[in-house]
Amino acid sequence: AQSVAQPEDQVNVAEGNPLTVKCTYSVSGNPYLFWYVQYPNRGLQFLLKYITGDNLVKGSYGFEAEFNKSQTSFHLKKPSALVSDSALYFCAVRDMNRDDKIIFGKGTRLHILP
Amino acid sequence: DVKVTQSSRYLVKRTGEKVFLECVQDMDHENMFWYRQDPGLGLRLIYFSYDVKMKEKGDIPEGYSVSREKKERFSLILESASTNQTSMYLCASSAGEPSTDTQYFGPGTRLTVL
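Structure representation (structure tokens):
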């Protein structure tokens with residue numbers, strides 16, 4: 001079955017340090033992968049996506065993600081965390097077995113400590 | 115900018131009531147989606163629509179129905195609200211190919227069923 005996993009419910013990072021939010025996937029065929037962010041009391045906002053091409057994808061707010069086919073991962077990264085990056089982050093993948101619908105991970109809450 | 119609006123940010127209803135959640139997008143998008151978001155469960159797809167008058171069941175359609183009479187509007191209906199439908203409801207829209215195009219989300223409606 002096609003799936004996406006976010007192994008960490010919560011990640012704590014000190015302000016100014018690099019951050020990583022992990023995502024692994026299991027799909028047949030070519031993976032289409034997404035990251036979304038949800039700030040408090042807001043809807044989800046698109047950060048970036050990988051469809052094809054360069055394995056390093058750059059997105060909004062200084063975030064980037066690296067597609068690693070051998071490790072079936074799509075980790076979200078940022079070189080220097082800001083307190084304002086504190087939010088809930090969702091990884092998502094296209095599900096070819098279910099009419100190409102997008103399935104979302106359970107989310108990882110990122111806390112940036114001042 | 116794409117704008118997706120939802121009729122209410124907060125809603126309190128009683129068990130057995132019929133509840134309407136409205137979603138409107140202003141970018142002429144073909145595709146619209148309804149999700150519910152629960153802690154630890156991520157986003158789960160309730161219903162989606164790829165065209166006017168068209169609707170498809172998602173992962174958890176039981177207890178819900180939808181209506182799409184106009185392209186810009188996608189309504190979620192709880193025929194007889196129950197306490198286990200207390201949740202955050204998110205509407206989204208996208209253009210073109212559903213599996214690759216960015217989904218744009220509304221701010222969400224937090225529904226409490228007493």
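If you're matching them up, the sequences are chains W and E in order. 91 is the number that the working numbering gives to position 91 of the first sequence; each next residue is one higher, with no gaps. Take any residue in the second sequence, count from 1 to its spot, add 114: that is its number in the working numbering. Virtual Cβ for every residue (Gly too), placed ideally from N, Cα, C.
At the C-beta level, S163 (chain E) and R187 (chain E) stay beyond 8 Å of one another. In the DSSP assignment, G156 (chain E) forms a beta bridge with E:D152. Residue pairing by DSSP puts L56 (chain W) in a beta bridge opposite W:E66. Inclusion of Q120 (chain E) and G210 (chain E) in the CB contact set at 8 Å is not warranted, their separation being larger than that value. Counting only Cβ-Cβ distances below 9 Å, F219 (chain E) has contacts in chain W at Y36, Q38, R42, G43, L44, Q45, F46, in chain order. The bridge partners DSSP lists for V133 (chain E) are E:L192. Scanning chain E for C-beta atoms nearer than 9 Å to the C-beta of G59 (chain W) yields nothing, as the closest lies near 11 Å away. At least 8 Å separates the CB of T200 (chain E) from every CB of chain W. The C-beta of Y89 (chain W) comes no closer than 8 Å to any C-beta of chain E.
Interface residue (Cβ-Cβ distance to chain E less than 8 Å): I112 (chain W) is not classified as such. S201 (chain E) is a Cβ neighbour of R150 (chain E), given a cutoff of 8 Å. When Cβ-Cβ separations below 8 Å define contact, K22 (chain W) makes no contact with chain E. Looking at the backbone, the Cα of L110 (chain W) and that of V21 (chain W) are separated by about 8 Å.
Residue contact check for Y50 (chain W) against chain E: no CB pair falls below 8 Å. The Cβ atoms of A5 (chain W) and G107 (chain W) do not sit closer than 8 Å to each other. Counted as a single uninterrupted DSSP element, the beta strand (DSSP E) harbouring K77 (chain W) occupies residues 73-78. Excluding residues up to 5 positions away in sequence, R109 lie with their Cβ nearer than 6 Å to the Cβ of Q10 (chain W) in the same chain.
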